Every structure is written in C-alpha cells, then in structure tokens.
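In terms of my numbering, the sequence shown is residues 567 to 949.
Glycine residues also receive a C-beta, built at the ideal position from the N, C-alpha and C atoms.
Please read all numbers here as calculations on a predicted model, not as lab measurements.
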Amino acid sequence: MPTKSTGAWLPVYAQFPLRAVSGQGSWIVDDQGLKWLDAYGGHAVAATGHCHPDVVRAIAEQAARLIFYSTAIPHAGREELAELIASLCPDPLGKVFFCNSGAEANENALGLARKVTGRQRIVSVQGGWHGRTAATLAVTDGAKYEEAARRSGIPLSTKVPFNDVAGIGAAVDDTVAAVIVEPVQGLAGARDCSPDFLRAARVACDREGAVLIFDEIQCGVGRCGAFSAAEAFEVIPDVLTFAKGLAAGLPIGAMVATPAMTANLKIGDLGSTFGGGPVPCAAAIANIEVIKRDRLIENAVMVGDQIRRAAEKLAGVTEVIGRGLLIGLVLDRPAADVQAKLFESRILTGTSGDPRILRLMPPLSFSRTEANLLIDALRRVLS
Ligand SMILES: Cc1ncc(COP(=O)(O)O)c(C=O)c1O
C-alpha cells in the first residue's frame with residue numbers, strides 16, 4: 567500500500583515523487599517494492615552506501631549501550647573519532663569540534679575566524695553555497711540567500727568570481743577575517759576550483775593574516791580523491807568543515823582546525839548539546855573504517871574516471887567537470903529534463919544551480935557495473 571501524506575509536513579523541498587522504504591548499497595527500495603539506482607547518494611551522504619552492515623551494527627550496538635550523554639562527560643567514541651579524523655587530514659589540521667550539520671560546522675568556522683582575527687569581513691566565491699544559518703547565508707551566493715541574510719542584519723560577504731586568481735588576491739585585505747571556499751562547488755554543479763585559485767587564496771590569506779576555510783561538506787570525506795579535498799588539491803587551509811558523508815546518514819558536522827586557530831579557545835567558547843553524541847560518532851567511526859578497509863577513496867577515483875570517460879563520449883554532454891565521485895555533466899539541454907527521464911528508468915541524479923548541469927554524487931562504493939547501468943541509461947536518454 568502506498569503511504570499517504572497528511573499535509574502537515576511543510577512542503578519546502580523539491581522532491582522526487584517516490585517513497586523510499588529501505589536501502590542497501592547504491593540502491594533504495596520504494597513502497598511498491600521497486601528498486602532505484604541512487605546516483606544522487608542521498609545528497610552525497612551515503613558514503614559507504616545505504617545501510618552498510620558495519621555501520622548498522624555500530625549504530626545498533628552503541629544505541630543499546632548508551633544512546634546519548636552530553637559533552638558534560640567524556641566519551642571514548644567522541645575522542646576516537648576526533649583522533650581518526652585528525653589522522654586523515656593533512657598536518658597541521660588536527661583539532662576537531664563536533665556539531666550536527668554542515669551549516670553549523672561552517673557557522674563555527676566563520677565565528678572562529680572572526681574571533682581569532684578580531685575582524686568581521688568575509689570573502690567567498692561566486693557560486694558558493696555554505697548553508698542556511700544566518701552567517702552561512704551571508705556568505706552564500708544567490709539573491710534569495712543574500713536577501714534572507716539581510717533580513718537577519720548580517721553583513722554580506724564580498725563574492726569573488728569563480729577561479730579568478732587575481733580577483734581573490736585583490737579582494738583580501740587586512741580587514742578580512744576569512745576566505746571561505748568549496749574546493750569543488752557542490753550546488754553550482756560540481757565545479758572544481760583550479761589548484762592555482764586555491765593557492766592564490768592561501769597566499770592572500772597568509773599575506774593579510776586572514777583565515778582560509780575550506781567548506782568540504784559535499785566534496786570531503788573521500789569524495790574527491792583523498793579523505794580531504796585539502797589533500798587532493800595540495801592546499802592546506804586553517805580550518806575545514808565536514809558533514810554529509812561523515813556518518814553515512816546520521817547527523818554530524820565537524821570543524822577541523824590547526825592548533826594555531828584553537829590555541830586561545832577556553833571552556834565554553836564553542837558548544838553543542840548533540841554535537842559528537844555517542845551514536846553518530848559510532849556510525850562515523852564504522853563508516854570511515856569501511857572507507858579505509860574497502861579502499862573506497864580509490865574506488866571513487868576509479869569509478870569516477872570510468873563515468874567521466876564514458877560521459878565525455880555521449881551525445882548531448884558538452885563537458886564533464888568535478889572530481890572523483892562529485893561529477894557535473896554539462897549538457898546541451900536542460901538537466902531537469904534529463905533527470906526526469908532517468909527517473910523514469912528508476913535512476914536518481916541531481917540537478918544544480920546551473921540549469922544545464924546534471925550532478926552525480928553516488929556512494930563512494932558505486933561499482934563499475936552500477937556505473938555502466940548509469941551510463942547506458944544516460945546514452946538512451948540523451949540519444
Ligand atoms: C558545500 C555545502 N556546504 C554546506 C552545506 C550545508 O549543510 P547542511 O545542510 O548539513 O546544513 C551544504 C549542504 O548541501 C553544502 O553542500
């Protein structure tokens with residue numbers, strides 16, 4: 567029996583007309599028992615796929631032991647996860663603060679940059695998307711987000727054109743607290759920054775004493791060639807943020823900073839009731855262990871290349887952008903039409919802020935066979 571909506575839930579999201587009941591790996595099953603291939607990855611969240619047995623077991627075991635206690639007492643899982651994340655980020659990024667979402671991680675990163683520098687201004691990048699809290703809206707590109715930030719009275723960031731090396735150098739002066747940038751812009755359609763642009767941001771921040779923040783909410787946790795995009799691009803920020811793929815679907819956000827950034831923090835300077843709770847931490851540890859054990863970062867690079875090479879040959883694809891398994895297919899027609907046709911073939915994909923870019927962000931465990939299914943369907947739909 568299809569489930570029914572009563573209309574109480576606020577309809578503020580564009581939704582796929584499909585009711586998911588269960589999931590496994592790259593597949594979800596709807597309320598009719600039909601299987602769907604998930605090249606959208608639950609919005610880049612299902613890093614190890616849906617319901618990986620190790621993650622499910624870790625959640626169940628932790629929930630049976632202790633669902634929650636606040637940060638008022640230490641918890642081994644929280645400390646273990648922080649060590650694990652620090653060990654996977656390039657030096658000197660080694661201090662981890664947990665919260666519950668991507669926006670919250672960015673909010674904390676911006677707040678920390680302002681506190682450390684004593685400055686207020688932020689520089690961000692055109693096409694950048696950083697969240698829906700007041701401070702993150704103010705650094706996000708797009709009239710409706712900026713309007714929402716203005717209503718909160720938050721000063722808007724200076725937005726530099728994408729990949730404008732000279733522009734980023736010129737925009738950063740000694741009144742700037744931070745530059746915030748997604749190394750691969752998610753909502754803009756998997757647009758990957760040039761390493762030169764990220765290096766120029768690093769140089770400008772060093773020159774002016776500003777903080778460089780990488781928003782890796784969508785492109786981090788192994789999606790773009792290394793555990794952190796910082797490592798993949800070989801540019802080390804002062805702060806980076808993770809969320810989406812970190813706990814395979816349980817809410818968690820992490821702000822990872824250098825010791826220099828956190829040296830003067832005192833008890834009470836940061837905080838979150840739920841941040842780094844025992845169950846999300848257990849899920850994240852299991853998720854990361856699967857990513858390491860099953861070499862899912864290498865898999866994401868390999869399957870990403872497979873998709874990229876095949877997609878470049880498809881009629882209707884004018885360019886393929888992105889890195890690893892955060893891929894943007896630039897089309898010669900509206901991406902929403904192609905997405906709708908793939909949906910008819912029971913394949914989920916994403917659109918983006920650019921109406922011609924179809925966004926692919928499947929689980930890091932996406933197999934070669936699943937990639938072939940996706941490519942075959944794309945070929946059918948585009949021809
Ligand atoms: C790059 C980026 N930053 C921040 C966010 C906000 O994350 P959340 O929705 O968990 O607050 C998102 C979410 O899509 C994102 O893609």
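Inter-residue CB distance, residue i and residue j (contact presumed, cutoff 8 angstroms)
i    : j    : result
P928 : H641 : At roughly 32 angstroms, the Cβ-Cβ gap does not stay under 8 angstroms, so P928 and H641 are not in contact.
V777 : T683 : 6 angstroms
A669 : T702 : 5 angstroms
A852 : A700 : So it is not a contact: roughly 34 angstroms between Cβ atoms.
I857 : I863 : 7 angstroms
R687 : F664 : The Cβ separation is near 28 angstroms, so there is no contact.
C785 : V750 : 4 angstroms
E748 : D772 : Actually they are not in contact, since the Cβ atoms of E748 and D772 sit about 20 angstroms apart, beyond 8 angstroms.
I779 : P803 : 6 angstroms
R922 : P900 : 7 angstroms
H696 : V689 : Going by Cβ atoms, the distance from H696 to V689 rounds to 12 angstroms, so no, they are not a contact pair.
Nonlocal neighbours in the same chain, by C-beta distance under 6 angstroms from residue i, ignoring five residues either side
i    : result
F840 : N666
P577 : none
N938 : none
A877 : V883, V886, L895
G791 : A798, V867, R889, G890
G752 : Q784
P583 : none
G660 : A652
G607 : M927, P928, P929
Neighbourhood of residue i by C-beta distance below 7 angstroms, restricted to the same chain and skipping five residues each side
i    : result
Q905 : T915, T917, L924
A766 : V731, I734, G735
A881 : L948, S949
D920 : A754, G755
K710 : none
A605 : I913, L914, T915, L926, P928, L940
G573 : none
S718 : A700
R945 : L880
N865 : L930, S931
F728 : V691, Q692, G693, R757
F909 : F582
Y579 : none
Residue j beta carbon less than 8 angstroms from that of residue i
i    : j    : result
A849 : V621 : yes
E936 : S588 : no
R685 : V742 : yes
A610 : L892 : yes
C655 : S794 : yes
G693 : R757 : yes
V805 : V822 : yes
D860 : S931 : yes
A532 : A814 : No information on residue 532 is available, as it lies outside the stretch 567 to 949 that the chain covers here.
L722 : A715 : yes
A671 : F808 : yes
L812 : A820 : yes
P658 : T828 : no
D740 : G788 : no
T637 : G842 : yes
Per DSSP, the bridge partner or partners of residue i
i    : result
C665 : G819
D620 : Answer by DSSP bridge pairing: none, since D620 is not bridged.
W602 : I594
V726 : V691
V750 : D758
F582 : Beta-bridge pairing links F582 to no other residue.
G916 : R925
I651 : Paired residues: none, contrary to the question.
A744 : I688, V777
G589 : I594
Cβ-based neighbour list, residue i, same chain, cut-off 8 angstroms, excluding 5 preceding and 5 following
i    : result
Q581 : none
M567 : At M567, the pLDDT of 43 sits below 50, so the modelled position is not reliable; the number obtained from the coordinates is stated separately. Closer than 8 angstroms at Cβ, skipping near neighbours: D597.
L816 : I625, V845, P846, A849, A850
V595 : A586, V587, S588, G589, K601, W602
I720 : A700, A701, L703, A704
G837 : T637
A902 : T917, P921
A796 : C655, P656, L659, P749, F780, E782, I802, P803, L806
Residue i CB to nearest heavy atom of ligand 3 below 7 angstroms
i    : result
Q692 : This structure lacks ligand 3; the ligands present are ligand 1.
Give the list of continuous beta strand (DSSP E) stretches no shorter than 3 residues that lie fully inside the stretch 865 to 911.
883 to 889, 892 to 897
Counting only runs of 4+ residues fully inside the stretch 800 to 858, write out the alpha helix (DSSP H) ranges in chain order.
825 to 828
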